[in-house]
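Novice:
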Amino acid sequence: MRNLHGRLDLCSINTATLGHREPLSRTIDRIAKAGFGGIAPWRREVEEGNVAQLARQIRALDLTVTGYCRSTYLPAATPAEFNANVEANRAALRDAAILGARCFVMVVGGLVSGSRDLEGARTQVVDGISMLMDTARECGVPLALEPLHPMYAANRAVINTIAQAVNICEAVDPDRSGLIGVAVDIYHCWWDPQLTASIAAAGQAGRILAYHVCDWLHETKDMLLDRGMMGDGVVDLPSVRSCVERAGYEGLVETEIFSAQNWWQREPDEVLAICSERLQTVC
1 MRNLHGRLDL CSINTATLGH REPLSRTIDR IAKAGFGGIA PWRREVEEGN
51 VAQLARQIRA LDLTVTGYCR STYLPAATPA EFNANVEANR AALRDAAILG
101 ARCFVMVVGG LVSGSRDLEG ARTQVVDGIS MLMDTARECG VPLALEPLHP
151 MYAANRAVIN TIAQAVNICE AVDPDRSGLI GVAVDIYHCW WDPQLTASIA
201 AAGQAGRILA YHVCDWLHET KDMLLDRGMM GDGVVDLPSV RSCVERAGYE
251 GLVETEIFSA QNWWQREPDE VLAICSERLQ TVC
């Protein structure tokens with residue numbers, strides 16, 4: 001396992017960690033000034049500005065774009081709505097290419113409102129991912145399927161385990177082209193009894209495209225907006241990273257924390273300083 005001490009160049013900040021409180025150009029400057037090697041911006045921030053200008057700023061500061069967050073949900077009530085969702089993701093992939101993103105993070109969506117058809121939603125997800133493969137190839141940006149914790153299956157993601165995500169990758173890309181893989185996010189997968197085996201299988205297939213860290217608080221108060229800072233919760237972070245890196249992952253370690261009542265209330269530079277310390281000491 002790599003030693004992160006003194007190696008912030010191996011660490012990235014997902015801009016959600018700072019709560020989207022400032023223009024992206026300011027956030028980019030903060031992250032670079034703090035010494036991190038990477039950044040993962042969100043679409044709403046990029047689309048509020050000029051993608052080409054933001055890309056130039058990121059390149060000038062020598063930051064790696066570890067991922068572009070995130071996809072439009074795929075499942076829809078009608079074929080027209082489904083096709084519109086696919087097209088929105090195609091447009092986002094083109095922006096990801098301009099930014100030089102290492103992957104386009106796909107949070108695939110949950111059940112259509114009013115529906116109980118879980119298998120139907122999953123079928124739509126696989127169909128939509130298949131339709132995006134050509135655009136991923138044209139843009140040179142891989143799709144990173146991010147399994148979400150099962151508590152999000154209804155409204156955010158019907159892909160819920162790494163094994164399930166890898167199975168989809170193998171189904172739509174049996175030749176292992178490098179154009180689709182998985183984003184391993186601690187918050188969503190730490191609980192999985194098959195985590196070690198699933199990470200190993202993903203690595204063997206060459207499918208690990210991103211690794212996201214935070215922590216799961218023992219008394220989580222909000223299922224979406226109460227992630228913990230690394231070291232404040234129950235996850236054995238070094239053990240999981242060891243598994244990910246043994247599986248062949250050589251990319252950056254990306255911090256992604258949603259925390260409306262704690263970290264998003266603090267000064268951004270303070271948050272970055274604590275992220276820096278925790279990445280180097282407890283991850």
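In my numbering, the protein residues as written are 1 to 283.
Heads up, the beta-carbon is just placed ideally off N, CA and C, and yes, glycines get one too.
Remember, it's a predicted structure, so these values are computed and weren't measured experimentally.
At which residues does the beta strand (DSSP E) containing G181 begin and terminate?
Specialist: Start and end: I180 to D185.
Novice: Return the chain-ordered ranges of every alpha helix (DSSP H) run that is complete within the stretch 104-187 and spans a minimum of 4 residues.
Specialist: Entirely contained in the stretch 104-187, the alpha helix (DSSP H) runs reaching 4 residues are, in chain order, 118-139 and 162-172.
Novice: Roughly how many angstroms lie between the CA atoms of N160 and P150, to the nearest whole one?
Specialist: Answer to the nearest angstrom: the Cα atoms are 5 Å apart.
Novice: Could you tell me the distance, in whole angstroms, from the CA atom of A197 to the CA atom of R70?
Specialist: One C-alpha to the other measures close to 27 Å.
Novice: Taking 6 Å as the limit between beta carbons, can you name the residues of its chain near C103, skipping five residues before and five after?
Specialist: Taken in chain order, the residues that qualify are G67, P142, A144, L209 and A210.
Novice: Specify whether the stretch 189-196 and the stretch 237-249 touch according to this definition: at least 3 beta carbon pairs, one from each stretch, less than 8 Å apart.
Specialist: Output reads yes: the stretch 237-249 touches the stretch 189-196.
Novice: Would you check if there are 3 or more beta carbon pairs closer than 8 Å linking the stretch 162-173 to the stretch 114-134?
Specialist: They touch, by the three-pair rule.
Novice: Check the C-beta distance from T15 over to L252 and give it rounded, since I have them as a contact under 8 Å.
Specialist: The pair is not a contact, with the Cβ atoms about 14 Å apart (cut-off 8 Å).
Novice: Between the Cα of A260 and those of W216, L148 and G19, spot the shortest distance and give me the residue it belongs to.
Specialist: Checking every option, the nearest Cα to that of A260 belongs to G19.
Novice: May I have the straight-line CA-CA distance separating G6 from R278, to the nearest angstrom?
Specialist: Their backbone Cα atoms lie some 12 Å apart in a straight line.
Novice: Applying the criterion that 16 or more other CB atoms from any shown protein chain within 10 Å of the CB defines a buried residue, is S12 buried or exposed?
Specialist: Per the 10 Å Cβ criterion, buried.
Novice: For D269 and L217, I'd like the C-alpha separation in whole angstroms.
Specialist: Rounded to the nearest angstrom, the two C-alpha atoms are 23 Å apart.
Novice: Where does V65 sit, in a helix, a strand or coil, going by DSSP?
Specialist: The answer is strand: DSSP assigns V65 an E or B state.
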